[in-house]
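Be aware that the sequence shown starts at 1, since it is given in my numbering, and climbs by one per residue. Comments concern the structure below.
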Amino acid sequence: MKYSTCVCFSWSLLTVAVIPVSLGEMYTSLLNVKQAFSVERKLIDYLKTYIDHESERLEDVKR
């Protein structure tokens, strides 16, 4: 009985110590992914603008 109580207490203590750290890391990870998506969206927009400008230049050269 003593052994199982000690194991249960140790497991509870370990769980309480680890969960907040892992939740913080998950939040930071999700935040990094959101920032990466934001940067990717800007790059895609810049690329579309560049392609549009180059297409216009190409049309001018064709004329």
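Glycine residues also receive a C-beta, built at the ideal position from the N, C-alpha and C atoms.
- DSSP places arginine 63 outside both helix and strand once states are collapsed to three, so it counts as coil.
- As the crow flies, the alpha-carbon of glutamine 35 is around 10 Å from that of serine 29.
- Scanning its chain for C-beta atoms nearer than 8 Å, with the 5 sequence neighbours on each side dropped, one finds no residue around arginine 57.
- Here the alpha carbons of valine 33 and glutamate 54 stand approximately 31 Å from one another.
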